[in-house]
Each structure stands twice: as structure tokens, then as C-alpha cells.
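Visitor:
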Amino acid sequence: MRFKIFEIIEPSDGGTASRVYDYCMMSVIIISLVPMMFKSTNALFNVIDYAAAVIFVVDYLLRLATADYKLSKGKASFLLYPFTPMAIIDLLCILPSFTALAGSFRILKVFRLFRTFRVFRTVKLFRYSKSVRIIEEVIRNSRHSLIAVGTLAIGYILISALIIFNVEPDTFDTFFDAVYWATVSLTTVGYGDLYPVTVIGRVVAMVSSFAGIAIIALPAGIITAGYMAALEKDREG
Numbered sequence: 000m001r002f003k004i005f006e007i008i009e010p011s012d013g014g015t016a017s018r019v020y021d022y023c024m025m026s027v028i029i030i031s032l033v034p035m036m037f038k039s040t041n042a043l044f045n046v047i048d049y050a051a052a053v054i055f056v057v058d059y060l061l062r063l064a065t066a067d068y069k070l071s072k073g074k075a076s077f078l079l080y081p082f083t084p085m086a087i088i089d090l091l092c093i094l095p096s097f098t099a100l101a102g103s104f105r106i107l108k109v110f111r112l113f114r115t116f117r118v119f120r121t122v123k124l125f126r127y128s129k130s131v132r133i134i135e136e137v138i139r140n141s142r143h144s145l146i147a148v149g150t151l152a153i154g155y156i157l158i159s160a161l162i163i164f165n166v167e168p169d170t171f172d173t174f175f176d177a178v179y180w181a182t183v184s185l186t187t188v189g190y191g192d193l194y195p196v197t198v199i200g201r202v203v204a205m206v207s208s209f210a211g212i213a214i215i216a217l218p219a220g221i222i223t224a225g226y227m228a229a230l231e232k233d234r235e236g
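Using numbering that gives the first Met the number 0, read the sequence shown as starting at 0 and increasing by one per residue.
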């Protein structure tokens, strides 16, 4: 019985029942996010919040009860599961509903801080999206290449920041300002709140922007190539 439940609650592992469960959970998650689009609340939003909380709690308990199938570590799985990334996200999705108690118990007003945790419910959607799961697998398989590109980007940002910080000390008050400018320049965003005013500084900015195009394109290319390969593998499978 527990294994059948595990097959249903795990995305795409239990046939029709699993797909129906996935679609239902995705619908609940999306509906539970609607109150976040409004500054005020009402009775309907409270009902949505309570109902979503109950469903999320049941889902969390079912996953905890079948953790040994998920982690394959025997009885230790039940102790380890609450500390897995998705289990922590599930818990953060449930905590905002405790804010309803704040009106009745002053000691629980601290839970109002958890209202912002509702945004973590969007992360729960990743569990039920096949495309996101493929991207997750691609990133995991390409992690060494991505780490190398990330290291290159961080190194370039620090070098650019050091250069511009010494070239234009009057424009950049702190090294953090220089790092912020280098990051914005590397990504070619260009907010315009900080910018060089000297000729040398502008030359550094141009070089940084051109290099940024190349560096930013690298991870996009790696992920795209891996994603296309994963899709091709999925079609053949």
C-alpha cells in the first residue's frame, strides 16, 4: 500500500493516477498563490489558504511516510527526509498558514514573518514539471562545466572591479560599488546608477561589456546543448 502511494505522489511514476495527482497539486499551488496578488485579504482568501495548507500537510506526511522508497536508506530515511531540500521547501510552504493563529494568540504573531514564505510554493511546481526536471538533470550533469564558467565570471568581476576602483576612485566610493558595477556590466544590464566618467574608465567599461557577452553566453550554450541532448534521449526512450 505504501509503495502504491509512493508511485502516485512521485511525479510520472504511477501512470494515470500519478499524472492526476501532479495536475491536482499544480492547480492547488497556483490557486494558493492568488492571494499574494492582492494587498488585502478576505474570507475567500482565508479559505484558500486553509485548504491549501491542509493539502500541503497531507502531501508532506505522505512523502514522509514513504521516505524509505525515495531515499533507499532504510529506517534512517524517515529521519533524513525532513532535511532534504524539497522537504524543507514543503515545510516553508506550510508555515505561512500559521499566521491565522496570530490574531488569537499574541505569542504566535512571530509567524507573520512566515507570510513571505508563500513564494516558496512556486518552487513546489518544479517537482511536477517534466521540463524543469530535465533542466535539473542537465544542470547536474553539466555542473563541472558550469562551475568552471562561474569561476571565470567571478574572477573577471573581481579583476574588473579592482581595475575600475583604482582608475576611478572618485566615482566608486567602496570596493563593493565597483563589484556591483562590474557585475552589472558583465551581464550587460547597465542600470546607469554607477558609471565611469573618465576616458580610461569608459575603455574598461567597453572591454568589460564585450567580455560579458562572451562569458554570459557560455552557460546558456552549455545548458541548451545539454537540454537538447536530454530531449533527444527522452524521445528515444
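Glycine residues also receive a C-beta, built at the ideal position from the N, C-alpha and C atoms.
1. DSSP three-state label for L151, please.
2. For I212, does the count of other Cβ atoms within 10 angstroms reach 16, so buried, or fall short, so exposed?
3. DSSP three-state call for V196: helix, strand or coil?
4. Ordered along the chain, which non-local residues of its own chain (more than five positions away) have a Cβ less than 6 Å from that of F164?
5. Rounded to whole angstroms, what's the CA-CA distance from F119 to I54? Just pull it up for me.
6. Consult DSSP for K232 and reduce its assignment to one of helix, strand or coil.
7. Would Y155 and I214 be called neighbours here (beta carbons separated by less than 9 Å)?
8. If we call anything under 9 Å between Cβ atoms a contact, is Y59 one with F5?
9. Report buried or exposed for D192, applying the criterion of at least 16 other Cβ atoms within 10 angstroms of its Cβ.
10. Can you tell me where the alpha helix (DSSP H) holding N41 begins and where it ends?
11. Measuring only the C-alpha atoms, how far is S141 from G149?
12. Looking only at C-alpha atoms, which of V56, L61, P81 sits nearest to C92?
Guide: On the basis of the data shown:
1. helix
2. exposed
3. coil
4. F171, F174, A177
5. 15 Å
6. helix
7. yes
8. no
9. exposed
10. Counting along the chain, N41 falls outside any alpha helix (DSSP H), and DSSP gives it neither H nor E.
11. 12 Å
12. V56
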